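Chemist:
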């Protein structure tokens, strides 16, 4: 029997890499067909071939409708944000095509006897983790497990310093912060290294922030300068935007080595030679750096630590080469960023180490694991329940965020009627008590309960997060002893039957014509793409908006990503509304008053504690003093009413906040103790 080789795959937004464990127990990088260790995460759907890598990346500017890139940022959505040859595809299918090419590279290097671990951003929720594993299944890869990218990087760091065995640890116990800024995602993880032990203390991040967003800032600036220079030039098309983004990326790379460079771009006969200094580039993107610093501090607070407690600051990901990132982190932490591991290779090498560890744990290899790895969940798991005192629906957390994995918890439900045959549980991810501020994960249906159960029969439900953050749910009826695994009806992702059909398509040899024929039956409508009833719609690519650090996705310690996305959208909507209002100075006073009154009923952003610049008021015709007094009175009354509604709303959710002791309808005198029942 051939020896099984442990393999680690860093499936990146812009670049992917693969590593394996050699016969001496050391990690080695696997080279692709062009001889490099980094493979661009781009797919070209040619008529005769599906091409992955550098050739696909280079073809994007000429054939934008046939190339898919950066699909990782769309994982969890119903479809990749751009059409391919006029058709929409799930992002996991594109990821599957990339993994198929990486599988060929692996087999060329080590043969077909191997097991693989694929990495994901630490801040990926459970649905995105499953979808990544599904992409591996579609590609034909033997995926053993999923591991967080910062955890993998820490393992590579531990391998280099000798921490991966009980006999190692030359520096004793060490606490480190892993700052992972890749091409499209950002993670920060606080970890503890000891002899033979790697333990995650907390994690945070943003899967909508990476090097491509720095590129977008510079490309946006370059386009503005081009328009000033050539105001009569035609509008940019997709090819032009891609070419400009490539030029911005090249300039960004130059500025990591030299203080100034020239961004070159040509549109028809018009040529732009734009001088770009490092200071200018940093001024265009300083808020992006500040967002990462803010999130890093949040993760540190979540771990209950100060920077004085941290021994090392480890930088991972190609985007950490930007000098502004290193400078900001050093200023914030007082630590010199660590370069002991290669930023482009660390995650893949660590994933291979983790694969070897998991093979030992699962008995796939004869080696007895001397390493212990403990990770945490990046989002809290909750169930949608009803507060029995307020009768309001709320998210009841069953597994809090940053809980060490694996972790199992049980909750009891009761039947609400005699002879009830099923119970349905809605699962959520997020830290808010409000369900609409959490991400819907799945519904767990407990079906075929024994007949004749009386009302109030206890049903025990067991929730388990495994080491990779994947969820399983089991249920049992008290007294009967039977336990059944519950199949989750997921909001996002493909059902098993679709995954099998996509696997046959992706693993076949052929080009887009064969691909198109094979998948035509699955692409008749969006309804056959995903099992969820709600489809996530993606807006076309737009330049990344400048965001202040105090509006970071973390918002506050423990705030859910789903809630922050809602707040970002709300902030953009209010900004657009204010711009539209200022653009119409001829509006009547009554219209302005109507807009003002509406804003009193909506949630406001930024929070009231922050300073807000008042919008410019349109010029109004002269009016009598009585009209002026009436207007002031309306504003005062609106303010009082808004404050009262806010106070009442807070008391409904948290009755203990009724500090005035007012008799409010629906508000009890004691704090609620949430409980959940099956419907």
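In the UniProt record's numbering, the protein residues as written are 1 to 679.
Each residue gets a CB set at the ideal place from its N, CA and C atoms; glycine is no exception.
Predicted model, so just to flag it, every value in this text is computed and none were measured.
#1: By the DSSP assignment, the alpha helix (DSSP H) with residue 226 in it spans what residues?
#2: Residue 292 by DSSP, collapsed to three states: which one?
#3: Check the C-beta distance from residue 471 over to residue 126 and give it rounded, since I have them as a contact under 8 Å.
#4: Can you tell me whether residue 34 is buried or exposed, with buried defined as 16 or more other CB within 10 angstroms of its CB?
#5: Could you check what DSSP says for residue 412 in three-state terms: helix, strand or coil?
#6: Helix, strand or coil for residue 645 per DSSP?
#7: Find the nearest neighbour of residue 684 within the set 223, 229, 231 and 227, judged by alpha-carbon distance.
#8: If we ignore side chains and look at the alpha-carbon of each, how far apart do residue 313 and residue 378 end up?
#9: Keeping to the same chain, check which residues put their C-beta closer than 6 Å to that of residue 254; ignore five residues upstream and five downstream.
#10: Give me the residue from 504, 385, 212 and 300 with the minimum Cα distance to residue 320.
#11: I need the straight-line Cα distance from residue 6 to residue 143, nearest angstrom please.
#12: Go through the region 20-103 residue by residue and report every complete run of the alpha helix (DSSP H) that reaches 4 residues or more, in order.
#13: In three-state terms, what does DSSP make of residue 388?
#14: For the region 199-208 and the region 292-306, state whether three or more C-beta atom pairs, one from each stretch, are separated by less than 8 Å.
#15: So, is residue 680 buried or exposed, given that buried needs 16 or more other C-beta atoms within 10 angstroms?
#16: Report back the beta-carbon spacing between residue 198 and residue 154 to the nearest angstrom; my notes put them in contact at under 8 Å.
#17: Taking the DSSP output, what are the residues bridged to residue 205?
#18: Out of 239, 225 and 655, state which residue places its alpha-carbon closest to the alpha-carbon of residue 62.
#19: How many Å lie between residue 9 and residue 306 at the Cα?
#20: Residues bridged to residue 426 by DSSP?
#21: Count the C-beta pairs between the region 419-431 and the region 447-455 that are closer than 8 Å, then say yes if the count reaches three, no if not.
#22: Which residues in the same chain as residue 106 place their Cβ atom closer than 7 Å to its Cβ, once the five residues preceding and following it in sequence are excluded?
#23: Using the three-state DSSP reduction, which class does residue 273 fall into: helix, strand or coil?
#24: Which class does residue 16 belong to by DSSP, given the choice of helix, strand or coil?
#25: Give the range of the alpha helix (DSSP H) segment to which residue 131 is assigned.
#26: Check whether the region 363-372 and the region 325-338 are in contact - that is, three or more C-beta pairs closer than 8 Å.
#27: May I ask which residues mark the beginning and end of the alpha helix (DSSP H) holding residue 154?
#28: On a CA-only basis, which of 361, 236 and 180 is nearest residue 209? Give me that one, please.
#29: Nearest-angstrom Cα distance between residue 390 and residue 288?
#30: Using the Cβ count rule (16 or more neighbours within 10 Å means buried), how would you classify residue 657?
#31: Keeping to the same chain, check which residues put their C-beta closer than 6 Å to that of residue 217; ignore five residues upstream and five downstream.
#32: Give, in chain order, every unbroken run of the beta strand (DSSP E) that is at least 3 residues long and sits entirely within the region 468-503.
#33: Apart from the five residues on each side of it in sequence, which residues of its chain come closer than 7 Å, Cβ to Cβ, to residue 384?
#34: Does DSSP put residue 560 in a helix, a strand or coil?
#35: For residue 281, which three-state DSSP category applies?
#36: On the CB-based measure, 16 or more other CB atoms within 10 Å of its CB, does residue 644 come out buried or exposed?
Modeler: Once the coordinates are examined:
#1: 211-229
#2: helix
#3: Going by Cβ atoms, the distance from residue 471 to residue 126 rounds to 5 Å, so yes, they are a contact pair.
#4: exposed
#5: strand
#6: helix
#7: Nothing in the structure corresponds to residue 684, since the chain is present only between 1 and 679.
#8: 20 Å
#9: These residues qualify, in order along the chain: 261.
#10: 212
#11: 11 Å
#12: 54-59
#13: Three-state result, residue 388: coil.
#14: Three or more Cβ pairs drawn from the region 199-208 and the region 292-306 lie within less than 8 Å of each other, which places the two stretches in contact.
#15: The first residue shown for the chain is 1 and the last is 679, placing residue 680 beyond what the model contains.
#16: 6 Å
#17: Bridge partners of residue 205: 187.
#18: 239
#19: 33 Å
#20: Answer is 443, bridged to residue 426.
#21: yes
#22: 7, 18, 30 and 114
#23: strand
#24: Strand, per DSSP.
#25: 126-139
#26: no
#27: DSSP places residue 154 in the uninterrupted alpha helix (DSSP H) bounded by 149-161.
#28: 180
#29: Across the structure, residue 390 and residue 288 are spaced so that their CA atoms are roughly 42 Å apart.
#30: exposed
#31: 284 and 285
#32: 471-477, 483-486 and 488-490
#33: Here the set comprises 393, 395, 426, 428 and 435.
#34: Low confidence applies to residue 560: its pLDDT is 34, below 50, so where it sits in the model is not reliable, and the reading given next is rough at best. Here residue 560 sits in coil by DSSP.
#35: helix
#36: Residue 644 is exposed by the Cβ-count criterion.
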